[in-house]
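Residue numbers (the working numbering), protein chains in the order written: chain A, 14 to 162; chain B, 34 to 838. Here a beta-carbon is modelled for each residue, glycine too, at the ideal position from N, C-alpha and C. Note that the coordinates shown come from a computational prediction; the quantities given were computed from them, not determined experimentally. In what follows, a single structure is set out as C-alpha cells and then discussed.
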C-alpha cells in the first residue's frame, strides 16, 4: 500500500466522513453568521458530501420545517416536517431519525451519513433558523413515546 | 419575425433551428438588451415549433423513457445558449453519454444516449476571460464560452415545458446545437488562452470566501434572460433519449413524491441550479476527455496523484493519495520522483468511482475545478467535487480485479451516538444543565424547621440552647424561579452576617442539592410575601424555549411565581462565582420610612426600614426567650405634625424564629435607645412581625450622609402619642394626669435581689436571704411593689385610667 522508498505514510484513520460533515456545518455556521448567506461553493460541497439528501434538506430549511421543542424538564428534541407533511422527531443526542429513508439508506445499506431530515436539523442549527417551541412535559412524553423508533 | 429553417441531416431525425432571436438576444454584447419582446417572440416560435411537429413525419422510438425531461433539461443546460447558428461544419454524429449523478427526488437514474448531429459552426465570438473566484463560476466556464451561462428558472418553466414535452414525447427531435457548442469548446481549447485554465480556486474552509457569492450572484441576473424560451426550444429539438438501464428501485424517501417547485430564492433552488450546471459540465468534460486523448496535464490546477489507499465510506470512496509532479510531456508513465508533499485525501462519489475505480498505485488526474477543504483534526487536505477525474495509468492489480466494490474495504457503520458537533454545542448554551444553574442569592435566615414542635423546643431552650439554627438562603435563577435552600446549622448566630457578606447578592453555583418540597402560595404566605417583594425582577428574565436573539428583547415578567421549591444542601453546596461581585438579579431591600409603610394600604407585605427602638418588652426574663415586643419610631413619625390616623410609634413583634445576633441582643438588653435596621419584616394587620427570613441589624447612630434625612437620627426628645381612645395595645404613649386613688386590693410588695433583680429568694434567716439566681447572700433585699393607680385625665373624661406601676 505504500510507495517504495523511505517515504512512509500513515495508515488511514477509521473514518473521515463525519469530520468532513462536521467541518462543513461549522463553516456554514460561520459564514451564515457573517454574511447571512451560504455561498454556492459551500452548497455544492454539501451536495457532494451528502448526495441527494442535500437538495431536499435545503428545501426543508427554506420552508423552515425544523422546530426545536423544549420542555420544562429540560428535554429537547427536533421536529421536522417532512415533504409529505409528516412530522419526524429527531433526537438531539443520538444520530437517529424515524423516517423510512434513514432506516433504508443509513441503517440498512450504510449508503448515507444522514437522511434529509437530520441534515435539515443540522443545517437549521448552523444557520440559526430553527423555530422554537415549548411543550409541556406531558406533550414531550407523548411525542417521544409515540414516535415509532 | 422568427424565421425557421429546417435541415435534414438524416432520415430519421429532424432538426429545427432556433430563430434569430438567438442572434441578438444571446450574444453577450446584447445580453442585457434582451427584452420581453424577444421572449414573447420566442414563445411564439416555440408554439409554432410545437405545432409544426404535428405535421411532420415522425419515427417513434420504441424505447422512450417517460422521464426524459430531466435528461433533456440537463442537456439543454449543458448547451451554450449563446449560440448563433450561421455556418455548417463537418457532419459527424457524436454521442454524448453521461449518467445522472446524484439524482434528485424524482429524477431517474438513467443512462442516456443522445444522438446529436452536428450542424453549424458558431460565430466566433470573442471569449471572456474573466477572473473567477469560485468553483461554481469555474464550472460555468466548462460549459460555455461565456462568462455567464444561462440559469434555468426551474420553477415555472420546467413545469410548463414538462407538459409540453410530454405532449410531444413520441416525437423525434434532434439536437442540433450540441455539437456546435462542443465545437466551440474544442475550438477554444486549442487556443493559447485556454478557458479551462482555471486558478485553483477551491473552496477553502479556512477563510470565508465571500467574494464567490457576489460573483455568482452578479452572473445570475444577467443570465435570467431568455432562458425559458430557449429551454423550451431546446427541448423541442432534443431527441428522446433511450433508457438503457432500468430504473433503480426507489428508496422509500423518493416514493410518492411529485416534483415540487422549490421556494424561489431559496437555497434549494440555488443548489438545484448549481447541480444542473455541474452535471452538464461533467457530461461535457467526459465527452471531451473521451474524444480527445491528450490530457493537458501541465495546466495549472491539475492534480496528479498516485493512489496509496482506498477506503469506502457511505458509498463514497476516500482515497489517500500522494501528489506527483506532472510527468514530462509525452510520457505518461514516467513517474519522476517528486519531492515530499503532504498526502491528500480525495473523495470520489459513486458515479466517479464507477468510472474511475481508483486502486492503489493508480495514477489519477483530477482536473479543475475541484474543491479543497481543511478539516480540523484531520491532517490531510480533503479534496471534494472531484468529478473531473481520469485514471491515467493502471496498476497491476486493476487488471485482475473486476468490481470496484470488492477491492475497497467497506467501513463498519458509524455508531449512532455520533453527532456532528453543532448540536452538542447548542445544548450547553441553550439549556442550562440543572446542575450548573447560577443563582443570585438573597440571604435570609430561618429558624430550624417549620414545625410546631421544633419551635417550641427553641422557645424553651432559647438561642443559646443546643438546638441550632439552620442557615437558609433564598435563591433565584435567571428564569425567575425562586427556591429556599436549607443549608447547615449555624455554629453561632453571628455567623449569619458572615454568610450574608459572602453570598448575599452574588451569583452562585449550587451543587449537591436535594429537593425537599414544593410549596405553594396559599400555604406559605410569609415566604411568598418575601418573593412578592422581590418581584418584578430587576433584569429581564430568560424564558424557556427562547432563542438567543429573543433573549435580548424585553419581556413583561408576568405575575410572580405561585410555587417555590424547598431544597436542602450543605455549606459546601453554595459556591459563589468569582466573576461578578453583585449579580444583576440581586434585588436589594428597599428601605422605606415607617410613615410610608403605615400609610400603605396593603394588608400583608414584606418591608425594610431603619428605626429606633424606644422600648422593648420582654415576655420572658431575658431577651431572646419568647417573643419580644418593640416600640419603634423613626424620623418620619417624629415630624411636627402627624396626620391621623398615624401614630408616633409602631409595634414590632420579634418571633423566636427570627435570629438575633449577639450584638442585637446586647443592644436590646441594655436599656438605652438603639437604632436598628429591619429587613424583610412582615407587616400584617397594621403591625410588624420579625419572623423567618427577617434580619435585624444594628444600625450606627451616626447617619450616613448619603442617606436621606428621613432616616437620620432623632435629635430631639421623642414625641409620643398621648393616650387617647384610639390607642392600640402594646404601643407607647404618654399619659399625664393626677393620681386620684390607689387600688389597694391589688397592691403588693415583695423582696428582690439587689444584684440580679431576681425574685427568687430563699429565706435563710429572718433578715438574710439567699438569691437562687446569682447565689448571693442578701442582708437587705430591696422591695418591689406593684400597685395600680387611678388617674384622672382631662382628655378622657369618661374612662378610668389605671396604671400598673
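**Prompt:** Taking any Cβ of chain B, which residues in the region 117-129 of chain A have a Cβ under 9 Å from it, in chain order?
**Reply:** 117, 118, 119, 120, 122, 123, 124, 125, 126, 127, 128, 129
**Asked** Looking at the C-beta of residue 30/A, does it have a partner C-beta in chain B at a distance below 8 Å?
**Response** yes
**Request:** Would you identify the three-state DSSP class for residue 7/B, choosing helix, strand or coil?
**Result:** Because chain B in this structure spans residues 34 to 838, residue 7/B falls outside the shown range and cannot be described.
**Prompt:** How about residue 104/A and residue 146/A: are their beta carbons less than 8 Å apart?
**Reply:** no
**Beta-bridge pairing of residue 309/B - partner residues as DSSP gives them** = DSSP lists no partner for residue 309/B.
**Request:** Name, please, each residue of chain B whose Cβ falls closer than 8 Å to the Cβ of residue 92/A.
**Result:** By Cβ distance, chain B contributes nothing, its closest Cβ being about 13 Å from residue 92/A, past 8 Å.
**Message:** Helix, strand or coil for residue 109/A? Go by DSSP, reduced to three states.
**Reply:** coil
**Message:** To test your reading of the DSSP string, which unbroken beta strand (DSSP E) runs of 3 or more residues are found completely within the region 14-98 of chain A?
**Reply:** 79-83, 89-94
**Request:** Throw me the rounded Cβ distance for the residue 547/B and residue 597/B pair, which I believe falls under 8 Å.
**Result:** Contact flag wrong, Cβ pair sits at about 15 Å.
**Asked** What is the rounded straight-line gap between the Cα of residue 792/B and the Cα of residue 800/B?
**Response** 16 Å
**Asked** Around the C-beta of residue 122/A, are 16 or more other C-beta atoms found within 10 angstroms, so that it is buried, or is it exposed?
**Response** exposed
**Prompt:** Should residue 129/A go down as buried or exposed, given a rule of 16 or more other Cβ atoms within 10 Å for buried?
**Reply:** buried
**Request:** Note down, in chain order, all residues in the region 333-346 of chain B with a beta-carbon under 8 Å from any beta-carbon belonging to chain A.
**Result:** 339, 341, 342, 344, 346
**Prompt:** When the Cβ atoms of the region 50-65 of chain A are set against those of the region 303-318 of chain B, are three or more pairs found closer than 8 Å?
**Reply:** yes
**Request:** Alpha carbon to alpha carbon, how far is residue 567/B from residue 555/B? Give it in angstroms, no decimals.
**Result:** 18 Å
**Prompt:** Nearest to residue 723/B by alpha carbon, out of 384/B, 623/B, 686/B, 570/B?
**Reply:** 686/B
**Item:** Proximity test, Cβ basis, 8 Å: residue 447/B and chain A
**Value:** yes
**Asked** Is the shortest distance between the beta-carbon of residue 110/A and the beta-carbons of chain D less than 8 Å?
**Response** Absent from the structure: chain D. Protein chains present are A and B.
**Interfacial residues, the region 72-83 of chain A to chain B, with Cβ spacing under 9 Å** = 72, 73, 74, 75, 76, 81, 82, 83
**Request:** Just mark residue 168/B as buried or exposed, buried being the case when its beta carbon has 16 or more other beta carbons within 10 Å.
**Result:** buried
**Residue-chain proximity (residue 68/A, chain B), Cβ-Cβ < 8 Å** = yes
**Prompt:** When you compare only the Cα positions, how much space is there between residue 803/B and residue 790/B?
**Reply:** 12 Å
**Message:** For a quick check, are the C-beta atoms of residue 72/A and residue 295/B less than 8 Å apart?
**Reply:** yes
**Item:** Counted within 10 angstroms of its Cβ, other Cβ atoms place residue 832/B as buried (16 or more) or exposed
**Value:** exposed
**Message:** If contact is defined by three or more beta carbon pairs under 8 Å, each pair taking one atom from either stretch, is the region 38-49 of chain A in contact with the region 410-419 of chain B?
**Reply:** no
**Prompt:** What residues in the region 142-161 of chain A bring their beta carbon closer than 8 Å to a beta carbon of chain B?
**Reply:** 143, 145, 146, 147
**Asked** Taking residue 818/B as the reference, which of 778/B, 811/B, 805/B has the closest Cα?
**Response** 778/B
**CA nearest to the CA of residue 8/B, picked from 358/B, 353/B, 299/B** = Since the first residue shown for chain B is 34 and the last is 838, residue 8/B is missing from the structure and cannot be characterised.
**Prompt:** How big is the Cα-Cα spacing for residue 570/B and residue 618/B?
**Reply:** 7 Å
**Item:** Cβ-based neighbour list, residue 821/B, same chain, cut-off 8 Å, excluding 5 preceding and 5 following
**Value:** 775, 776, 779, 780, 835, 836, 837, 838
**Message:** Using the three-state DSSP reduction, which class does residue 61/B fall into: helix, strand or coil?
**Reply:** Only weak support is given to the placement of residue 61/B: the predicted model assigns it a pLDDT of 43, under 50, and the value that follows is read from those uncertain coordinates. Here residue 61/B sits in coil by DSSP.
**Asked** How many angstroms separate the CA atom of residue 648/B from the CA atom of residue 795/B?
**Response** 32 Å
**Request:** Label residue 798/B either buried or exposed according to how many other C-beta atoms from any shown protein chain fall within 10 Å of its C-beta, with 16 as the threshold for buried.
**Result:** exposed
**Prompt:** Using a C-beta to C-beta distance shorter than 7 Å, which residues of chain A count as neighbours of residue 388/B?
**Reply:** Under the 7 Å cutoff, chain A gives no residues; its nearest Cβ is about 16 Å from residue 388/B.
**Item:** Beta-bridge pairing of residue 768/B - partner residues as DSSP gives them
**Value:** Its beta-bridge partners do not exist; DSSP assigns none.
**Message:** Give me the chain A residues within the contact set of residue 169/B, using Cβ-Cβ distance strictly less than 7 Å, ordered along the chain.
**Reply:** 53, 54, 57
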